[in-house]
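Just so we're aligned, residue 47 is where the sequence shown starts under my numbering, counting upward by one. Below is one structure, written out as structure tokens, with a few remarks after it.
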Amino acid sequence: MSSADRNSAGGPDPGLHPPLRPPGQQPASPARGAPGRRRVGIALAVVLLLGLLVVLVLPRLVPVPTGVDDAVVGKAPSAAGSAAPAARAAAEQGLQQYLQLQARLELDRAPVWGAPLWEEAAVLAANGDRRFGERRFAAAARSYGDALQRLQQLEDRKPQIFTKALDAGLVALEENQPDSAQQQLELALAIDPQHEVAVHALARAEVRRRVLAQVAAGETAERNEDLEAAAAGYTAALELDSEYQPARDRLQRVTAQLADRRFRDAMSQALGALDEGRLDAAGRALETAAQIRPESTAVRDARLRLVQARQQTELSRLRGRAEAAVRDEDWQAAAGWYRKALQVDAEAGFARNGLQQSEARLQLHRQFDRYLEAPQRLYSEQPLANAEKLLKAAGTAPATEPRLANKIQKLAQLVTAARVPVQVRLRSDGETEVVVYHVARLGRFVERQLAL
């Protein structure tokens, strides 16, 4: 059937369908958007006009087949003469229906997803064209009808084709077949370009080769025990596709191995620092280990050791300060250091004993100081007796306490001096009653000598 003949079949509604064309010819994919639809509408209007002209003019131009006797033609039955226009009209109507559906499916990009029914319809339409050109209108009508049926089947199967393509694409993606996945997902998106699952899956399929390359690099590094490089490879894969579970599983495994390694290293550093007395370094290492495994028994035990070591270090420091004060016979300061040591460890024996000694020595020095600072008190009987008792109780000062020894010596000299009588000559007027306090009532005299 010529283009003029196909146009004579009548055109579709302008603005709804593309221009009529030979059914056997594959169309170019229609452009999406308003400009493409306007072009289709204009073309259909032109085709409609041409179709009217063809219907009026074409019958006059179709030649009578050669070899047919005019007399025979003239004697053809009237029924046959009336059948030809009816068959032709049926063929033209079938062609019009086919072209309308074909145009609608082209807008839906059926040439992309419609195989094999789309190609079968094109072949059948081409057969209809040929038979129409041979004036075999009934056969042409059957061909156009079969072509229309194929397109109707294609339109009916559109949802199933979409679902099948989407499912196949997702399966191929899951099986790491990116080429097949892309092909199937693009087919699904040709039917429904806005389908979110298909759009997302296609984006993942497009980077799957790069994802697999990063995973392979990570696996190689992991086999070589380069866990940092392995983690970097798996991380890079997840940056390309955060939903790729194999990369996530491998990253979790490597991350756990790295954590184990860091924990062992931190504990080794902590225990070594504890053994060497580097307590600050041990504390930092234990903090690192605790961040990795906060519930670890090893961390808890090492922290207890650290507390004890720090306690012993502090006690040693306070003991040193106290002993220095003892050497200086600064018993006030020594007592203060021992009290601080007992605050750190109430059971520290050196601190208890040291505090007891310091307080006793502090009291002893205060007793000596009372007499040395007011030696006149020794000239009274009771204070003198008390001073003698003090000297007896103090005994000899240790060689390590020269200050105490000096005080003992001074007090002893004062006590000795207080015990030696002093000859005193007294003179009076002979009329005054004289009394010497704490000595005797002497009465009246002019001159008298006493031993005080």
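Heads up, the beta-carbon is just placed ideally off N, CA and C, and yes, glycines get one too.
Counting only the Cα atoms, residue 133 lies some 7 Å from residue 187. Using a C-beta cut-off of 8 Å, the region 184-203 makes contact with the region 167-174, since at least three inter-stretch Cβ pairs fall below that distance. In the structure shown, the three-state DSSP call for residue 155 is coil. The same chain holds no residue with a CB closer than 8 Å to that of residue 205 once the five nearest residues on each side in sequence are set aside.
Per DSSP, residue 292 is one residue of the alpha helix (DSSP H) stretching across 291-322. In its chain, beyond the 5 residues on either side, 151, 156, 160, 163 and 164 have a beta carbon closer than 7 Å to the beta carbon of residue 200. Here the alpha carbon of residue 307 sits roughly 25 Å from the alpha carbon of residue 353.
Of all alpha-carbon atoms in 229, 379, 256 and 299, the one lying nearest the alpha-carbon of residue 285 is that of 256.
Fully contained in the region 410-478 are the following beta strand (DSSP E) runs of length 3 or more, in chain order: 469-473. Per DSSP, residue 250 is one residue of the alpha helix (DSSP H) stretching across 242-252.
DSSP places residue 288 in no alpha helix (DSSP H); its state is neither H nor E. Residue 244 and residue 179 have their C-alpha atoms some 45 Å from each other.
The closest CA to that of residue 436, considering only 448, 447 and 417, is found on 417. Under the DSSP assignment, residue 224 falls in the alpha helix (DSSP H) whose first and last residues are 224-237. About 6 Å separates the beta carbon of residue 339 from that of residue 309, a gap short enough to meet the 8 Å contact definition. Beta-bridge pairing by DSSP links residue 493 to 473. Taking C-alpha positions only, residue 274 is separated from residue 304 by approximately 8 Å. When the Cα atoms are used, residue 456 and residue 370 turn out to be separated by approximately 26 Å.
Note that the C-beta distance between residue 231 and residue 258 is not below 7 Å. In the DSSP assignment, residue 382 falls within the unbroken alpha helix (DSSP H) covering 377-390. In the pairwise beta carbon analysis, the region 443-453 is classified as touching the region 396-413: at least three pairs are separated by under 8 Å. In this structure, residue 227 sits away from residue 211, with a CB-CB distance that is not shorter than 7 Å.
For residue 336, the enclosing alpha helix (DSSP H) covers residues 325-338. When DSSP reads this structure, residue 177 sits in no beta bridge, so it has no partner. A direct Cα-Cα distance of roughly 47 Å separates residue 181 from residue 215.
In this structure residue 474 does not touch residue 481 by the C-beta definition: roughly 11 Å separates them, more than the 8 Å allowed. In terms of CA proximity to residue 360, 394 leads the group 471, 266 and 394. According to the DSSP assignment, residue 189 belongs to the alpha helix (DSSP H) that extends over 183-202. Check the Cα spacing between residue 365 and each of 379, 375 and 397: the tightest is with 397.
With fewer than 16 other beta carbons inside 10 angstroms of its own, residue 262 counts as exposed.
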